[in-house]
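A.B. asks:
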Amino acid sequence: MTDPIIQLRDLRVDYRRDGRTTHALRGIDLTVARGERVAIVGESGSGKSTAALALLGLLPHTGRITGGSARIAGIDLAGASERVARRIRGRVVGLVPQDPTVSLNPTQRIGHQVAEAVALRGVGGRGIPRAAIDAAVIEALQQAGIDDPVARARQYPHELSGGLRQRVLIAIALAGDPDVIVADEPTSALDVTVQRRILDHLDRLVRDRGIGLIIITHDLGVAADRADRVVVLQHGEIVEQGPALNVLAAPTHPYTRTLVAAAPGLSEPVSPRPAPEDAREIVRWSGVSKTFPLPRGAATSAVQAVADVDLVARAGHTLAIVGESGSGKTTLLRIALGLETPTTGTVVFDGVDIHRAPRREVAALRRRFQLVQQNPFASLDPRFSVARSIAEPLVSFGAGDRASRRARVAELLDLVGLPADAARRRPAELSGGQRQRVAIARALAVRPELVYLDEPVSALDVSVQSRCCGCLPICRRSSVSGTSSSRTTSRSSRRSRTTSRWCGQVASSSRASRNGC
Amino acid sequence: MTDVLEKPLTPAPSAPAPPTVGAPASAPRERARGPVATLLRRPGILVAVALVLFALVAAITPALLATHDPTATAPLERLLPPSPAHWFGTDELGRDLYSRVVHGSTLTIAATALAVGLALVSGLALGILSGFIGGGTDAVIMRIVDVLLAIPGLLLALAIVTALGFGTLPVAIAVGVGIIPGFARTTRAEVLRVKTLPYVEAARAGGASWTRILLTHVLPNSWGPVVVLAVLDFGAAILAVAALSFLGFGAAPPAAEWGTLISNGRNYLMTAPWVSLVPGLFVAAVVLSLNHLAKSIEEVQR
Amino acid sequence: MTRYVLGRIGQAALVLWAAYTATFAILYLLPSDPVALQLGANNIEVDSLTPEQREAAAARLGLDRPVWEQYLVMLGNALRGDFGVSFAKQVPVSDLLAQRLPGTVTLSVVAVALALVLGVAIAFTATLVPRGAVASLLRRLPAVGVSVPNFWIALLLIQIFAFILGWLPSMGDQGWQSYVLPAITMAIPTSAVLAQVLIRSFDDTLDEPYIATARAKGLTRYDVQVRHAFRNAALPTLTILGLLVGSTVTGSIVVETVFSRNGIGRLAQESVLQQDIPVVQAIVVLAAAAFVVVNLIVDLLYPLLDPRIAHTPKVSRA
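Chains as they are written, first to last, in my numbering: chain A, 1 to 517; chain B, 518 to 819; chain C, 820 to 1137.
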């Protein structure tokens, strides 16, 4: 192996806060050479972000290297001073941050921010003349694939799209002329098509300059695609590493195996069964459009979230609405729930137009359709016990008495696979996956005919998602139909696989149009 | 006024972002300690609580804590510096300053409690109406609050005192009215924030009426910052009440609010500075304790 | 854009008018017996008057007309700069104001400038130095600043710098030395509030991802703080500039009283003591006007300082 730029030996990192110590990294060994592409894969809490921070010498003040060594270009960061650490930032290790929408200074022009990185190349006595910096900025922007770099350099970040901002960040990372680039979760912030183009570009730049690339990600698919070598982290330890194809095709460690099994797009999708046309129609969207007026001073006066959509969901079947962020799927759900009124069009639930019918009728109807929201961390009142949250719809609809409600809660907890003593707990004591299951239990409490699921698992780690999706079939057992919206095709077909007992029609919605499939 | 600025409303994130470069890995799950226990572990909190309790006890039963009769004059002992016999020294009539401060708490704390109580009730009502109903009601109420804010607090108090006359009650009302905007705005911001949270939406989808949502979800989750503000404003109100009585608008002598005591000592500043400075130090210590308490409560809440 | 400017000016005028009306309501409607109050303030012994004499006295002062009429007349006069005549001093209020205003304005300007420098310095340093004893101390300092009564600070400063050390005068308005202690007294609470808000703003800003990007470039912490954090942290605090100016000005009431300076502040204190309603009304409205104007200026300048608001976003394809 050519001489390694990065050499981590038995690296240990601890966080100390409020008297509690967390062991984020428990002795990892990692070597990265120039020109190599390595992916560090792990879920939240695995320590992958800590590893990235350690590589940059940017651990927060609560963290410190407590053992082992971290040699970057020969300099050991363990116990190094800030001045020493600063020398490697930008010039040896460059960072491409995760979320381009918040990683650029909003009040400084693009050109200025890139120039800053360029100018730092000349630190150490040799200042770079102004004209040379400007030229270097334009070149850097051009290399990153930005059109009309001269004009762009004078713009502010909010004037650029997310994809362009990501390219600017790449330009900044490369401007310091580093030997290694760390790309933090490069696929999580932007839409799939945009990301693919940018990652291809980054790949090419990295290869042309012969520098190393370290990709931090939770997505095994991306790791397989973009890296030569994959390192799998769990709880601060490396559980498996090796050439990408080997690790993914034949994982040896059980944890890696769960990751591979759960990863969307890596297993065989199962084609969904089409819904028989004679099944009873439960809800129908007809010609639904929704336009949101924007506050005065925005670029346009209004944004059209949904345009002329016709959809049908039938009893006993699942309708999956698939689309990229901004395609309007959440808005469709909210309109069907009566939380938003459509600008045009109607939503008819079992024959009743829920926006034009009298309020009392609609209120009674609500019992028959329920909602599971996307964010399990905010969909439960933090002050309510689990039992109280689940029973709330029963209380609101005046169903049963205290004893029957208690029994129903116990029944539902069992149904979603939660232990009985969870009833007394508060949301803060539960994990994200468990909270989402509580939300599902709550939705099923009043025995609805239809459940709307808004990206029900997108907020959860991959390994948790399948457990959660595993309990969705129970809806079918209780003969409930589902309508769910999700972000990527692979995930919804995966859901069709894990819940293959569901059948359904998949509608993919992109802006203003609907394609059946 | 030591108004803690309300944070701008940030929309709830649609999904918690995976940890980025810039955030440490999440700590392992630990059973949450009781909030009171966590509060008591903070540095200096015990001293702060002790001082505040002292002031409250002094306000309710001054005789319990005073060492002398506050009105007993002793011409032979005038203007003595602090000593074991007279902890704060004596004033120009030989009265024990410490006891005068202790007895003065009754008036000052009573005025403060009244002011904060008035502001709390009014501010809560306005904030809930404004945040929950929204629309025109919100606009009108917020304009009223804007006008109250346009007139600087002390001047507003002066105007009210001019109209109502001098004394403890007018001072209390005057200070209270000035604090209302803070409570109204904070309550409104909290109501607005909770109103848009997913679990409120879930309750709506679950068939709950707006009244139920207000009582069971919105109110219990909104009062956190209001409590912090109440403690903070208690301190600010003490300063305002003391300032008004310092300027001569408080209760008439021989009743001695803290501000009046300090004002009396002005004439003897050169020769007997403790007459003004020591009571003033006491006031500062109490207010500082209240601020520390408020800040600690806020940190524990987060 | 001009519509926005006109709109804001209109809004400011509205708030000012509302403040005037509120003051009128407090001073003329709130008292239990406004007529007796005003007669008394005019040195007329109310109790010794017969009912007819009272009516005559009231008529002479224009107090027998219906309230709303009095209000409109007063408002009309105020718009022309006529704030009536002082009860106690029997001179036009506007003359009194003109006489006393310059001293307070100079003092306030010095105090606000001092407060800005002090507040920014403390906040900047507190958030720049790495966590430790110095940072902790600086962070706790503002809390002390807002907790101490300003009249106590004044007396303390007088005791130390005027009586014990003899460096600066303890009263009067002669020479630049007489500004020092009063300005410091007014600046301390204001700078403390500013520092508190700014420290919080800095903390929030330094947590933002773009700061990590800047540090990853290899900049020193000082450079990051100056070039990236400062502007973004300071912008939101501009919105409290009106509040800061307001609190500094009210500080002048106590400060001018303690230091025996001639100014609006002490005029306010005297007028309240004498229940001199026209003067109190004029001063309150003047202070409200200052607050409204400062806020208006900040509102109009803000878009120029924050490029996110000034430029209309033109989102383009990647």
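Built from N, CA and C at the ideal position, the CB exists for glycine as well.
Quick check on this structure: which residue in A:96, A:191 and A:71 has the alpha carbon closest to the alpha carbon of residue 55 of chain A?
C.D. replies: Numbered from 1 along the first sequence, position 55 holds the residue referred to as residue 55 of chain A. Nearest option by C-alpha distance: A:71.
A.B. asks: Compare the C-beta of residue 112 of chain A with all C-beta atoms of chain C and state if any pair is closer than 7 Å.
C.D. replies: Taking the first sequence and counting its residues from 1, the one referred to as residue 112 of chain A is at position 112. No, residue 112 of chain A does not count as interfacial toward chain C.
A.B. asks: Bridge partners for residue 291 of chain A per DSSP, in chain order?
C.D. replies: Here the question's residue 291 of chain A lines up with position 291 in the first sequence. DSSP, once it has assigned bridges, lists A:304 as partnering residue 291 of chain A.
A.B. asks: My output table needs one value for residue 836 of chain C: the three-state DSSP class, helix, strand or coil.
C.D. replies: As a first step, residue 836 of chain C is located in the third sequence; it is residue number 17 there, counting from the start. Note: residue 836 of chain C maps to helix in three-state DSSP.
A.B. asks: Rank A:40, A:442 and A:410 by C-alpha distance to the C-alpha of residue 214 of chain A and give the top, closest one.
C.D. replies: The residue given as residue 214 of chain A occupies position 214 in the first sequence. The shortest C-alpha separation from residue 214 of chain A is found at A:40.
A.B. asks: If you follow the beta strand (DSSP E) that residue 622 of chain B is in, where does it begin and where does it stop?
C.D. replies: Here the question's residue 622 of chain B lines up with position 105 in the second sequence. First-last for residue 622 of chain B: 614-650, but that is the alpha helix (DSSP H), not the beta strand (DSSP E).
A.B. asks: What three-state label does DSSP hand residue 241 of chain A in the structure shown?
C.D. replies: Position 241 of the first sequence, counted from the first residue, corresponds to residue 241 of chain A. Strand, per DSSP.
A.B. asks: Locate the alpha helix (DSSP H) running through residue 1020 of chain C, then write down its first and last residues.
C.D. replies: Stepping through the third sequence from its first residue, residue 1020 of chain C is reached at position 201. Where residue 1020 of chain C is concerned, the enclosing alpha helix (DSSP H) stretches over 996-1025.
A.B. asks: Between residue 120 of chain A and chain C, is the shortest Cβ-Cβ distance under 7 Å, so that the two count as touching?
C.D. replies: What you label residue 120 of chain A is simply residue 120 of the first sequence in a count that begins at 1. For residue 120 of chain A, the answer is yes, since a Cβ of chain C falls inside 7 Å of its Cβ.
A.B. asks: Determine, using beta carbons only, whether residue 218 of chain A and residue 455 of chain A come nearer to each other than 7 Å.
C.D. replies: As a working mapping, residue 218 of chain A is identified with position 218 in the first sequence. As a working mapping, residue 455 of chain A is identified with position 455 in the first sequence. Cβ atoms of residue 218 of chain A and residue 455 of chain A: not closer than 7 Å.
A.B. asks: Pairs of beta-carbons, one from the stretch 365-381 of chain A and one from the stretch 434-450 of chain A, closer than 8 Å: are there three or more?
C.D. replies: Yes, the stretch 365-381 of chain A is in contact with the stretch 434-450 of chain A.
A.B. asks: Return helix, strand or coil for residue 470 of chain B, following the three-state DSSP convention.
C.D. replies: The structure shown has nothing for residue 470 of chain B, since chain B only spans 518 to 819.
A.B. asks: Any chance the CB of residue 382 of chain A is under 6 Å from a heavy atom of the ligand SAH?
C.D. replies: The ligand SAH is absent from the structure shown, which contains no ligands of any kind.
A.B. asks: Is the separation between the beta-carbon of residue 98 of chain A and that of residue 185 of chain A shorter than 7 Å?
C.D. replies: Against the first sequence, residue 98 of chain A aligns to sequence position 98. Against the first sequence, residue 185 of chain A aligns to sequence position 185. Yes, Cβ-Cβ distance for residue 98 of chain A and residue 185 of chain A is below 7 Å.
A.B. asks: Run through chain C and tell me which residues come within less than 9 Å of residue 63 of chain A, C-beta to C-beta.
C.D. replies: Here residue 63 of chain A is taken as the residue at index 63 of the first sequence, counted from 1. Going along chain C, no residue has its Cβ under 9 Å from residue 63 of chain A, so there is no contact; the nearest lies around 12 Å.
A.B. asks: For residue 216 of chain A and residue 117 of chain A, what's the separation of their Cα atoms in angstroms?
C.D. replies: Residue mapping note: residue 216 of chain A aligns to position 216 of the first sequence, counting from 1. Residue mapping note: residue 117 of chain A aligns to position 117 of the first sequence, counting from 1. When rounded, the distance between both Cα atoms is 22 Å.
A.B. asks: Quick test of the definition: if touching needs 3 or more C-beta pairs under 8 Å, does the stretch 964-973 of chain C touch the stretch 1028-1040 of chain C?
C.D. replies: With a cut-off of 8 Å, the stretch 1028-1040 of chain C and the stretch 964-973 of chain C do not count as touching, because too few Cβ pairs lie within range.
A.B. asks: Going by C-alpha to C-alpha distance, which of C:994, C:838, C:942 and C:823 sits closest to residue 1103 of chain C?
C.D. replies: Translated into the one-based positions of the third sequence, residue 1103 of chain C becomes position 284. Of the listed residues, the one whose Cα sits closest to residue 1103 of chain C is C:838.
A.B. asks: Which term fits residue 996 of chain C, buried or exposed, when burial requires 16 or more other beta carbons within 10 angstroms of its beta carbon?
C.D. replies: Taking the third sequence and counting its residues from 1, the one referred to as residue 996 of chain C is at position 177. Its Cβ having fewer than 16 others within 10 Å, residue 996 of chain C is exposed.
A.B. asks: Please classify residue 727 of chain B: does DSSP put it in a helix, a strand, or coil?
C.D. replies: Residue 727 of chain B sits at position 210 when you count from the first residue of the second sequence. Helix, per DSSP.
A.B. asks: Taking Cβ positions only, does residue 790 of chain B come closer than 7 Å to chain C?
C.D. replies: By 1-based counting over the second sequence, the position of residue 790 of chain B is 273. It does; some Cβ of chain C falls within 7 Å.
A.B. asks: Going by DSSP, name the residue or residues bridged to residue 571 of chain B.
C.D. replies: For this step, residue 571 of chain B is matched to residue 54 along the second sequence. Bridge partners of residue 571 of chain B: none, in fact.
A.B. asks: Name, in chain order, the residues that DSSP records as bridge partners for residue 212 of chain A.
C.D. replies: The sequence position of residue 212 of chain A within the first sequence is 212, counting from 1. A:180.
A.B. asks: Please list, in chain order, the chain B residues whose beta carbon lies closer than 8 Å to that of residue 178 of chain A.
C.D. replies: As a position in the first sequence, residue 178 of chain A is number 178, starting the count at 1. By Cβ distance, chain B contributes nothing, its closest Cβ being about 15 Å from residue 178 of chain A, past 8 Å.
A.B. asks: Does residue 4 of chain A come out as helix, strand or coil in the three-state DSSP assignment?
C.D. replies: Here residue 4 of chain A refers to the residue found at position 4 when the first sequence is read from its first residue. Looking at residue 4 of chain A - three-state DSSP - the assignment turns out to be strand.
A.B. asks: Check residue 889 of chain C in the structure and name its three-state DSSP category.
C.D. replies: In the third sequence, residue 889 of chain C corresponds to position 70, counting from 1. Correct three-state label for residue 889 of chain C: helix.
A.B. asks: Which of the three DSSP states, helix, strand or coil, is assigned to residue 252 of chain A?
C.D. replies: Counting from one through the first sequence, the residue named residue 252 of chain A turns up at place 252. Coil at residue 252 of chain A, not helix or strand.
A.B. asks: Whose CA, out of B:752, B:610, B:600 and B:756, lies closest to the CA of residue 971 of chain C?
C.D. replies: Position 152 of the third sequence, counted from the start, is the residue given in the question as residue 971 of chain C. Ranking the options by Cα distance to residue 971 of chain C, first place goes to B:756.
A.B. asks: Return the chain-ordered ranges of every alpha helix (DSSP H) run that is complete within the stretch 46-107 of chain A and spans a minimum of 4 residues.
C.D. replies: Those alpha helix (DSSP H) runs which fall completely within the stretch 46-107 of chain A and span 4+ residues are 48-56 and 82-88.
A.B. asks: Under 7 Å between C-beta atoms, does residue 616 of chain B make it to chain C?
C.D. replies: The residue you call residue 616 of chain B lines up with position 99 of the second sequence. No, residue 616 of chain B lies away from the interface with chain C (no Cβ there is under 7 Å from its Cβ).
A.B. asks: Go through its chain and collect everything with a Cβ distance to residue 405 of chain A's Cβ below 8 Å, but skip five positions before and after it.
C.D. replies: On the first sequence, residue 405 of chain A is found 405 positions in, with the first residue counted as 1. Taken in chain order, the residues that qualify are 391, 394, 395 and 399.
A.B. asks: Here's a check: name, in chain order, each residue in its chain whose Cβ is nearer than 7 Å to the Cβ of residue 1016 of chain C, leaving out the five neighbours to either side.
C.D. replies: As a position in the third sequence, residue 1016 of chain C is number 197, starting the count at 1. Only 1056 and 1059 meet the Cβ criterion.
A.B. asks: Going straight from the alpha carbon of residue 542 of chain B to that of residue 50 of chain A, what length do you get?
C.D. replies: Numbered from its first residue, the second sequence carries residue 542 of chain B at position 25. Numbered from its first residue, the first sequence carries residue 50 of chain A at position 50. Bear in mind that the predicted position of residue 542 of chain B carries a pLDDT of just 37, short of 50, making it unreliable; the figure below should be weighed with that in mind. Approximately 7 Å between the Cα atoms of the pair.
A.B. asks: Just the Cα atoms here: how many angstroms apart are residue 794 of chain B and residue 596 of chain B?
C.D. replies: Here residue 794 of chain B refers to the residue found at position 277 when the second sequence is read from its first residue. Here residue 596 of chain B refers to the residue found at position 79 when the second sequence is read from its first residue. Roughly 13 Å separates the two Cα atoms.
A.B. asks: Beta-carbon of residue 951 of chain C versus every beta-carbon of chain A: anything under 7 Å?
C.D. replies: Position 132 of the third sequence, counted from the start, is the residue given in the question as residue 951 of chain C. Not one chain A Cβ lies under 7 Å of residue 951 of chain C.
A.B. asks: Tell me which same chain residues have a C-beta within less than 8 Å of the C-beta of residue 164 of chain A, skipping the five on either side of it?
C.D. replies: Within the first sequence, the letter at position 164 stands for residue 164 of chain A. Once the five neighbours on either side are set aside, the close Cβ partners of residue 164 of chain A are 146 and 152.
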